[in-house]
Structure formats: structure tokens, C-alpha cells
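Asks:
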Amino acid sequence: MTENHPNVGFQIERGFRPPHRAQVARGYWAAFSRKLRFPLGPEGKAVRFLERVLDPRHAISAVASDGTFLGVAGFKSAQGSFVGGAVSDLAAIYGWPGALVRGLLVAPLERRCAADTLLMDGIFVEPGARGQGVGRALLGAILDQAAAAGLSHVRLDVIDRNPRARALYEREGFMATSVTKLGPLAPVFGFSSATEMTRAVTPPVSAR
Numbered sequence: 057m058t059e060n061h062p063n064v065g066f067q068i069e070r071g072f073r074p075p076h077r078a079q080v081a082r083g084y085w086a087a088f089s090r091k092l093r094f095p096l097g098p099e100g101k102a103v104r105f106l107e108r109v110l111d112p113r114h115a116i117s118a119v120a121s122d123g124t125f126l127g128v129a130g131f132k133s134a135q136g137s138f139v140g141g142a143v144s145d146l147a148a149i150y151g152w153p154g155a156l157v158r159g160l161l162v163a164p165l166e167r168r169c170a171a172d173t174l175l176m177d178g179i180f181v182e183p184g185a186r187g188q189g190v191g192r193a194l195l196g197a198i199l200d201q202a203a204a205a206g207l208s209h210v211r212l213d214v215i216d217r218n219p220r221a222r223a224l225y226e227r228e229g230f231m232a233t234s235v236t237k238l239g240p241l242a243p244v245f246g247f248s249s250a251t252e253m254t255r256a257v258t259p260p261v262s263a264r
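Take the position in the sequence shown, starting the count at 1, then add 56; the result is the number in our numbering.
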């Protein structure tokens, strides 16, 4: 999948280019470090871990006409997830004692994915590329990915500390379906609750 947006100077691509892997890892950390700082910090190790486990098969990226990386949307399905890895990958960065502790801390953030649903697994746009429609284009590509895979819904979670993202999702047709409160874990992850939002997917014309 390559979708050109010549009027704004970027294109949407399936996966991410190998030279962009480190930048994707740094950008993901910058976007989600608030909730990942205890499970995966410090920053240097967290970025190394992310760079190790990111799976381009579960990503869609935005790239400028000159090849500059602009942003990415990750997703999770029954076939895998954007941020994968196993305890052995944690151990390679943090050592086995640190890996076991971090595995326990990451566990509350794990989200199961229904068979008919594509779960968005993080989306971010590089600071210099914001305000150009990149985020909306990536979100649209996620919907297209779900439709092409024959899925009926896209689901995402948005934290209470990110009202701008929630407003974007609502404009794009996502509706809140439930709220998960972290309770005593709120100080650990830096937010108090997460709202689950879903949107039905329109199947491709050929499938109707």
C-alpha cells in the first residue's frame, strides 16, 4: 500500500522503511513515555528495546516526498502487534531481573484484540510535521487496513490526559464504549483512566 498525498507533500506507506527504525523508536517513546516511563525507562534503554521489537508488518507510516519520516500508526490484530517482543527481548536490554519486573509492570497495559477487530497500537506525528493532515491520513489508512483485512471494527484507547486526540477520534467517527480506571496504578502510568473507542469499518466496494 502506497497512497500519495501530493497536495501536501507526503505519502502513506505500509510498514516503515528500515532506515527509519531508530526514528520510529524514538518517536514512539516521546509520544508514550508518560505511561511507559516506569515499565521501560530509562529513555536510552527504552528506545533500544523499542528499536529491537518494533514490527513493520503491523505499521503504516507517512513519508515526505524527500524521504523524511513524518509519523507512524501501529496496529494489533490476531496475527501480531506493532510493539511485540518477549521476555527474552526485555532481558537482552535490562537483564533477567529487570526483565521480570518490567514484564509485570507492562502486563496491565496489555489489550486483547477481538477476532473481528483491528486494535490501533499507537499513533504519532513528528513535531515538525504536525498540522499538515498527517495524523488524519494515518488514521484513515488504519481504517483502510482493517477493511482490506475483512475486519468489521477498529478500536483504540485514549487516555484522560490527551483530550486533543480524543477530539480527533470523535471527529473521525469513533465512539466511546467503555472507560477503564487505573485506581492505585495511576501514579505509575501517569494517567487515571483510558477510554475505549470504536468505529465500524466500511468494507471495500468489491466486498459488498
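Using N, Cα and C, we set each Cβ at its ideal position, and we do this for glycine too.
What do you get for Gln-201, buried or exposed, if any count of 16 or more other CB atoms within 10 angstroms of its CB means buried?
Replies: Buried, by the Cβ-count rule.
Asks: Pairing CB atoms from the segment 141–158 with CB atoms from the segment 198–213, are three or more of them under 8 Å?
Replies: No: the two stretches stay apart, fewer than three of their Cβ pairs being nearer than 8 Å.
Asks: Is Trp-85 buried or exposed, if buried means 16 or more other CB atoms sit within 10 Å of its CB?
Replies: Trp-85 is buried by the Cβ-count criterion.
Asks: Does the Cβ-Cβ distance between Arg-90 and Ala-102 come in under 9 Å?
Replies: No, the pair does not count as a contact, with Cβ atoms beyond the cut-off.
Asks: Where does Glu-166 land, buried or exposed, given buried means 16+ other C-beta within 10 angstroms?
Replies: So Glu-166 ends up on the exposed side.
Asks: Using a Cβ-Cβ cutoff of less than 8 Å, which residues in the same chain neighbour Ser-234 once the five nearest sequence positions on both sides are dropped?
Replies: For Ser-234, where only same-chain residues beyond five positions count, the Cβ hits under 8 Å are Thr-251, Glu-252.
Asks: List the endpoints of the continuous beta strand (DSSP E) containing Gln-67.
Replies: Run containing Gln-67: 66–70, per the beta strand (DSSP E) assignment.
Asks: How long is the line joining the alpha carbons of Val-190 and Gln-79, rounded to whole angstroms?
Replies: Going by the C-alpha atoms only, they are around 16 Å apart.
Asks: Smallest Cα separation from Val-143: which of Ala-163, Phe-131, Gly-206, Ala-256?
Replies: Among Ala-163, Phe-131, Gly-206, Ala-256, the Cα nearest to that of Val-143 is on Ala-163.
Asks: Using the three-state DSSP reduction, which class does Asp-216 fall into: helix, strand or coil?
Replies: Coil, per DSSP.
Asks: Is DSSP giving Glu-99 helix, strand or coil here?
Replies: Looking at Glu-99 - three-state DSSP - the assignment turns out to be helix.
Asks: For Val-139 and Pro-74, I'd like the C-alpha separation in whole angstroms.
Replies: Taking the straight line joining both Cα atoms gives about 16 Å.
Asks: Using DSSP's beta-bridge definition, name the partner residues of Val-235.
Replies: Answer is Thr-251, bridged to Val-235.
Asks: Given this structure, state the Cα-to-Cα distance separating Trp-152 from Leu-146, to the nearest angstrom.
Replies: About 8 Å.
Asks: Closer than 8 Å: is that where the CB of Pro-164 sits relative to any heavy atom of the ligand FMN?
Replies: By its list of ligands, the structure shown contains no ligand whatsoever, and the ligand FMN lies outside what it can speak to.
Asks: Starting from the C-beta of Val-261, find all residues in its chain whose C-beta is less than 6 Å away, skip the five residues before and the five after it, and write them out in chain order.
Replies: At Val-261 the pLDDT is 49, less than 50, meaning the model places this residue with poor confidence; the figure from the coordinates comes in the next sentence. Same-chain partners within the cutoff: there are none.
Asks: If you follow the beta strand (DSSP E) that Val-119 is part of, which residue opens it and which one closes it?
Replies: Element bounds for Val-119: 115–120.
Asks: Taking Ser-249 and Thr-236 to be in contact with their CB atoms under 8 Å, please state how far apart those CB atoms are, rounded to whole angstroms.
Replies: Between Thr-236 and Ser-249 the Cβ distance is about 6 Å, and since that is below 8 Å, they are a contact.
Asks: By DSSP's criteria, Thr-173 is part of a beta bridge. Which residues make up the other side?
Replies: DSSP lists His-209 as partners of Thr-173.
Asks: Output the boundary residues of the beta strand (DSSP E) element that contains Gly-127.
Replies: Here the beta strand (DSSP E) through Gly-127 covers 125–133.
Asks: Using a Cβ-Cβ cut-off of 7 Å (strictly less than) and excluding sequence neighbours within five positions of Leu-110, which residues of its own chain qualify?
Replies: Answer for Leu-110: Arg-77, Val-80, Ala-81, Phe-138, Val-139, listed in chain order.
Asks: Output the boundary residues of the alpha helix (DSSP H) element that contains Arg-168.
Replies: No alpha helix (DSSP H) holds Arg-168; DSSP gives it neither H nor E.
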